[in-house]
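Protein chains: 2
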Amino acid sequence: MTACMASGPAFGDWMAQVQASMEESLSSLLPEAAGAPLRLRQAMRYAVLDGGKRVRPLLVFAAGELFEAAPAALAHCAAAVEMIHAYSLVHDDMPCMDDDALRRSKPTVHRQYDEATALLAGDALQAQAFQVLAAADVADPARQLAMLRLLAQAAGANGMCGGQAIDLESVGLSLSLAQLEQMHRLKTGALLRASVLLGAWCGNAWPAAGMEADTAALNAYADAIGLAFQVVDDVLDATADAATLGKTAGKDAADNKPTYVSILGLEQSSALAEKLREDAYQALAHFDGKARHLRALADLIVQRKA
Amino acid sequence: MTACMASGPAFGDWMAQVQASMEESLSSLLPEAAGAPLRLRQAMRYAVLDGGKRVRPLLVFAAGELFEAAPAALAHCAAAVEMIHAYSLVHDDMPCMDDDALRRSKPTVHRQYDEATALLAGDALQAQAFQVLAAADVADPARQLAMLRLLAQAAGANGMCGGQAIDLESVGLSLSLAQLEQMHRLKTGALLRASVLLGAWCGNAWPAAGMEADTAALNAYADAIGLAFQVVDDVLDATADAATLGKTAGKDAADNKPTYVSILGLEQSSALAEKLREDAYQALAHFDGKARHLRALADLIVQRKA
Numbered sequence: 001m002t003a004c005m006a007s008g009p010a011f012g013d014w015m016a017q018v019q020a021s022m023e024e025s026l027s028s029l030l031p032e033a034a035g036a037p038l039r040l041r042q043a044m045r046y047a048v049l050d051g052g053k054r055v056r057p058l059l060v061f062a063a064g065e066l067f068e069a070a071p072a073a074l075a076h077c078a079a080a081v082e083m084i085h086a087y088s089l090v091h092d093d094m095p096c097m098d099d100d101a102l103r104r105s106k107p108t109v110h111r112q113y114d115e116a117t118a119l120l121a122g123d124a125l126q127a128q129a130f131q132v133l134a135a136a137d138v139a140d141p142a143r144q145l146a147m148l149r150l151l152a153q154a155a156g157a158n159g160m161c162g163g164q165a166i167d168l169e170s171v172g173l174s175l176s177l178a179q180l181e182q183m184h185r186l187k188t189g190a191l192l193r194a195s196v197l198l199g200a201w202c203g204n205a206w207p208a209a210g211m212e213a214d215t216a217a218l219n220a221y222a223d224a225i226g227l228a229f230q231v232v233d234d235v236l237d238a239t240a241d242a243a244t245l246g247k248t249a250g251k252d253a254a255d256n257k258p259t260y261v262s263i264l265g266l267e268q269s270s271a272l273a274e275k276l277r278e279d280a281y282q283a284l285a286h287f288d289g290k291a292r293h294l295r296a297l298a299d300l301i302v303q304r305k306a
Numbered sequence: 001m002t003a004c005m006a007s008g009p010a011f012g013d014w015m016a017q018v019q020a021s022m023e024e025s026l027s028s029l030l031p032e033a034a035g036a037p038l039r040l041r042q043a044m045r046y047a048v049l050d051g052g053k054r055v056r057p058l059l060v061f062a063a064g065e066l067f068e069a070a071p072a073a074l075a076h077c078a079a080a081v082e083m084i085h086a087y088s089l090v091h092d093d094m095p096c097m098d099d100d101a102l103r104r105s106k107p108t109v110h111r112q113y114d115e116a117t118a119l120l121a122g123d124a125l126q127a128q129a130f131q132v133l134a135a136a137d138v139a140d141p142a143r144q145l146a147m148l149r150l151l152a153q154a155a156g157a158n159g160m161c162g163g164q165a166i167d168l169e170s171v172g173l174s175l176s177l178a179q180l181e182q183m184h185r186l187k188t189g190a191l192l193r194a195s196v197l198l199g200a201w202c203g204n205a206w207p208a209a210g211m212e213a214d215t216a217a218l219n220a221y222a223d224a225i226g227l228a229f230q231v232v233d234d235v236l237d238a239t240a241d242a243a244t245l246g247k248t249a250g251k252d253a254a255d256n257k258p259t260y261v262s263i264l265g266l267e268q269s270s271a272l273a274e275k276l277r278e279d280a281y282q283a284l285a286h287f288d289g290k291a292r293h294l295r296a297l298a299d300l301i302v303q304r305k306a
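Chains as they are written, first to last, in our numbering: chain A, 1 to 306; chain B, 1 to 306.
Below is the structure:
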C-alpha cells in the first residue's frame, strides 16, 4: 500500500499487527457464533469480522501508545468504536437508507440475511459496543464514564446519527461548503475524533489532569483527518471502480448527493485533502516527533485507494 | 384505573407524580426540538414523549425509593431505560419487522415521518440512553459502570434484541412453553429486570456490599412480573380492541406467532398471570411490607386493560 511505503516498513508492520490483534479482540468480544439466536449472532459477526481497514482501531492504538495506555484497555476501546462503525454501515446499507448491495466486497447484511435481521444486528451491535467499553479495564472509573459519554455523544443525534440525518435531508439540495463540512464533522468526524481521544484518555492524556494542551492538539488532528477522510471518500466515489472500493461506486452522483467533488471539482478536492494532511501534521508538531503512527495514519487516510 | 383503586389512592398519586416528573426529565434529557437535524430531533421526541404508561420508569423509582436512592439519579436511570424501550418500539414497528401503523394511539414513527428517519431516530435514542445513564449522578463510579453493563446487556443480543430475533425465527413454529418463556425473558423480561435493579443499585442495594439477598429477591420479583407482563400482553392482544390498546389488536394470531393464549388458551393464561403475581408478592415478602410500590406495580401489570 502506498501509505505504508511512504511511512516505512515499520509502520506497515505495526498496522498489520494491530489489525490482526483487533480481529482476535473483536471475535472474542462479540457474542459467540453458536447458541440462540443463531441468525442474529451470525449476522453480528458477519458485519464486523473479516473486513475493513480498521482505521478507527488504528487511531485508538496510535493515540493510546503515545500516552502509554495498556493494550488490553485499548483493545476494548477500539472494539467498541469499531462495533459502532460496523452497526452504522449495516443500517446505512438498508433499503430505506442507501440501499446498497455490496460492502467490503461481500453482500451487505440485509442481502446476506434479511432486513429484520440487519436491523436487529445493528441494534445489538450498538448495545454490545457500550457493554464492551463499560467492561474495559481503565484505571479510573470516573474517566471511563467520561469515555462512555464521549462515545455515546459521537454516535448519537449530535454525532454520527445526526450527520446521517442531515445527509438524508440534503439529498437534491445544493449545500454550501460550510454546510457540507458541518454534515461530515458529525457523520464521520465525530467517531474518528472519539477514536483518537478514547485512545489518549486510556493512557495518561486526561484534560482534568492538566493535559489540556495534549487534548487540544489531538482534537485539531482529529478535525483535520476527519474532514480529509470524507474528502478522499468523495474523490474515490467519483473516480474508483466498485472492484477497488469493495462497494458500489458513483453512488453519490447517482443519488444526487452534494459532495466535495460536486462543489469543488476533482482537482481542488484533492488539493484540499493535501492541505488537511498538512493541518494534521501541524497539530502533531505539539508532540515533538513522538506521534509517528498518528502521522502515518494521516498519510494512510489521504493516500488510500479504497 | 382498576390497579390504582386496588392499591389505594396513595399509589395512584405516587404513580401520577412519577409519570409527570418523567415527562419533564425525558423532555430535558432528549435533544432539544429546535436545531439541526430538525427532523431527527422531532422524531426522537415524538417517539418518547407524551405517551406510554412508563412502566419501566415506575419500576426504577419504586425499587430506588426502597433503597433510598437520590431522585435525580433515579430520573436519569429511568429516562435511559425508557429511551431504550422507546427505540425498540420504533424499530419493531417498521415495515421489515411488525409493520405497524399505530402506537400509543398515534401513527408510528415511520408513518409520521419516514422509514429512514425512524431507523436513525431509534439508533440515536439508543446512544442517548447510554449517554444519559453515563451522566447520572451516582455516588460510586464503579457501580455506575456496572449499571451501564447491566443496561447494555439487557438491551443487546443476550437481552431484548436477542428476544426479538428469537421471536422472528419462531413465526409459524410451534414453540414449547419453555421456549416461549425463554424468548420473553429476553425480549421483555431483561429490560424490566434492568429497571428494577438499576433503581435498587442507585440506592444502597449493592450485591458487592453484602446485599446479595436483596438483589436475589428483586431478581425473583422481576422474573415474575416480566413473564406476567407478556402473558397479559398476549391475553390483551387476543381480547381487546385497537381503541383500547392504542395499537393494532389481534396481530399475533394474524402473524401466526406463538403466544401464551395459543399454547395455553385464554383461561389458563389468565390463571398463569395471577400465579405470577403471587410469585412477585412472595419475592417481595423479603422486604417486610416495605415494598408496597413494587407490589402495586405487580397489580398494575396484571390488571391493566391496555
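The beta carbon of each residue, even a glycine, is placed where N, CA and C say it ideally should be.
From a predicted model like this one, the values you see are computed outputs, not experimental measurements.
Comparing alpha-carbon positions, which option in the options lies nearest residue i?
i, options, result
"B/P31", "B/K106, B/L74 and B/M44", "B/M44"
"B/G189", "B/D233, B/N204 and B/E212", "B/D233"
"A/S269", "A/V231, A/E278 and A/R41", "A/V231"
"B/T239", "B/D279, B/A217 and B/S262", "B/S262"
"B/L272", "B/F287, B/K290, B/Q303 and B/K257", "B/Q303"
"A/S28", "A/A36, A/S174, A/R41 and A/P37", "A/R41"
"A/L66", "A/D167, A/A224 and A/D214", "A/D214"
"A/H85", "A/L26, A/L266, A/G12 and A/A116", "A/L26"
"A/V138", "A/A16, A/K257, A/L198 and A/L58", "A/L198"
"A/A116", "B/V90, B/I301 and B/A298", "B/V90"
"B/D299", "B/L236, B/H286, B/F229 and B/D288", "B/F229"
"A/G163", "A/G226, A/D114, A/T108 and A/V109", "A/G226"
"B/L145", "B/L102, B/W201, B/L168 and B/A178", "B/W201"
"A/E24", "A/R103, A/A72, A/P37 and A/L119", "A/A72"
"B/A220", "B/P9, B/L284, B/D241 and B/A136", "B/L284"
"A/P57", "A/A16, A/A36 and A/H286", "A/A16"
"B/K275", "B/I301, B/N256 and B/D288", "B/I301"
"A/Y260", "A/F287, A/A222 and A/L177", "A/L177"
"A/K305", "A/N256, A/G265, A/F287 and A/D241", "A/D241"
Determine, for residue i, whether the minimum Cβ-Cβ distance to residues of chain A falls below 7 Å.
i, result
"B/P207", "no"
"B/A101", "no"
"B/D98", "no"
"B/Q153", "yes"
"B/A194", "no"
"B/D237", "no"
"B/A78", "no"
"B/A178", "no"
"B/D123", "yes"
"B/L49", "no"
Does the CB of residue i have a neighbour CB from chain B at under 7 Å?
i, result
"A/H91", "yes"
"A/M183", "no"
"A/G156", "yes"
"A/C202", "no"
"A/D214", "no"
"A/R149", "yes"
"A/P258", "no"
"A/L297", "no"
"A/L264", "no"
"A/Q268", "no"
"A/A283", "no"
"A/A86", "no"
"A/P141", "yes"
Using a Cβ cut-off of 7 Å (strictly closer), state whether residue i contacts chain D.
i, result
"B/L191", "Any reference to chain D falls outside this structure, whose protein chains are A and B."
Problem - Near-chain A residues of the segment 107-121 of chain B - C-beta to any C-beta below 9 Å - result: H110, D114, E115, A116, T117, A118, L119, L120 and A121
Problem - Under 9 Å (Cβ pairs) to chain A, residues found in the segment 60-76 of chain B - result: none
Practice task
Note down, in chain order, all residues in the segment 30-47 of chain A with a beta-carbon under 7 Å from any beta-carbon belonging to chain B.
Solution key: P31, A36, P37, R39, L40, R41 and M44
Exercise for the section: Please name the residues in the segment 125-137 of chain B whose beta-carbon is closer than 7 Å to at least one beta-carbon of chain A, in chain order. Expected result: Q126, A127, Q128, F130, Q131, A134 and A135
Practice task
May I ask you to list, following chain order, the residues of the segment 160-173 of chain A that have a beta carbon less than 7 Å from some beta carbon of chain B?
Solution key: C161, G162, Q164, A165, I166, L168 and E169
Handout entry: Any 3 or more C-beta pairs closer than 8 Å across the segment 42-57 of chain B and the segment 190-200 of chain A
Key = no
Exercise for the section: Assess, as a yes-or-no matter, whether the segment 13-20 of chain A is touched by the segment 80-95 of chain A under the definition of 3 or more beta carbon pairs within less than 8 Å. Expected result: no
Handout entry: the segment 197-206 of chain B contacting the segment 179-186 of chain B, beta-carbon criterion three pairs below 8 Å
Key = no
Exercise for the section: Assess, as a yes-or-no matter, whether the segment 151-160 of chain A is touched by the segment 130-140 of chain B under the definition of 3 or more beta carbon pairs within less than 8 Å. Expected result: yes
Exercise for the section: Examine the Cβ distances between the segment 59-68 of chain A and the segment 282-299 of chain A and report whether three or more of them are shorter than 8 Å. Expected result: yes
Exercise for the section: Evaluate the contact criterion for the segment 71-83 of chain B versus the segment 114-130 of chain A: three or more CB pairs, one atom per stretch, below 8 Å. Expected result: no
Problem - Whole alpha helix (DSSP H) elements within the segment 1-40 of chain A, 4-residue minimum - result: 2-7 and 9-29
Problem - Uninterrupted beta strand (DSSP E) stretches inside the segment 31-107 of chain B (no shorter than 3 residues) - result: none
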